[in-house]
Amino acid sequence: MVTISRTELDKIREISNIGLGQAATSLSQLLDMPCKMTVPAVTVTGFDDIIALAGGAENEVAAISLKMEGAFRATMLFIFPAAHVSSIVKQLTGEQSGILEGIGHSALREFGNIITGAYVATFADLTKLNVRSSIPDVVIDMAGAAITPSLLPLSLYGDDVILIQTNFNDWFEKSPERFQAQFYLLPEPGSMNVLRTALEGMPS
């Protein structure tokens, strides 16, 4: 079970706001259009809630997953509605593309690289932990099929994860709209203590 204080959650929210803000800046520069990402809340939630928050087992989502490796080890999951994938791919490539084929899949992986790379770099900088990230995996499927494979190995260690609720704003050029995504940190055994010690070293 993830035991974490309100103060620690507030520090994770600070890291997340800065990291995802930098990711939004990178995307804005790449696309030459506004992109804003904010973190309204950071909480601890259960594995069972992840699929529910994604809209239910049969709701189609995009799930980007990667490993955080080094001094702090965890799985990171980034989940958002699949309805937005084609627009993201079109903005990145200028083309309509099959989202699971060729350039579409590569573009979505690069989208994940930008967001998770900025987050992990900020995490490492603010916690002073030597952390790196693996290459993201991208799955577009119903939530049950997309998310469960990432959860099964970690469910042996407990049933709680850190949820970083994320809002995207002004993504679409002609019809800006806002949508929510979920960012999850699933620490491996022992890593929560490493994170707690690092958070204690951050200014309040």
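First residue of the sequence shown? That's 1 in UniProt numbering, and the numbers climb one at a time after it.
Even glycine gets a Cβ: it sits at the ideal position worked out from N, Cα and C.
Problem - the segment 138-145 touching the segment 56-63, judged by at least three CB pairs closer than 8 angstroms - result: yes
Practice task
Between the Cα of A181 and those of P40, Q22, L199, D125, spot the shortest distance and give me the residue it belongs to.
Solution key: P40
Problem - Under 8 angstroms between C-beta atoms of I162 and L27 - result: no
Handout entry: Simplified DSSP state of K128, which is helix, strand or coil
Key = coil
Problem - Contact the segment 104-123 vs the segment 73-84: 3+ CB pairs below 8 angstroms - result: Yes, the segment 104-123 is in contact with the segment 73-84.
Exercise for the section: Could you name the residues of the same chain whose beta carbon sits closer than 7 angstroms to that of R109, not counting the 5 residues immediately before and after it, in chain order? Expected result: Within the same chain, Cβ atoms closer than 7 angstroms to the Cβ of R109 are found at P136, V138, the five residues on either side in sequence being excluded.
Practice task
Give me the Cα-Cα distance between G104 and V89, rounded to the nearest whole angstrom.
Solution key: Using only the alpha carbons, I get a separation of about 6 angstroms.
Exercise for the section: Classify residue 242 as buried or exposed, calling it buried when 16 or more other Cβ atoms lie within 10 Å of its own Cβ. Expected result: As displayed, the chain neither begins before 1 nor continues past 204, which places residue 242 out of reach and without an answer.
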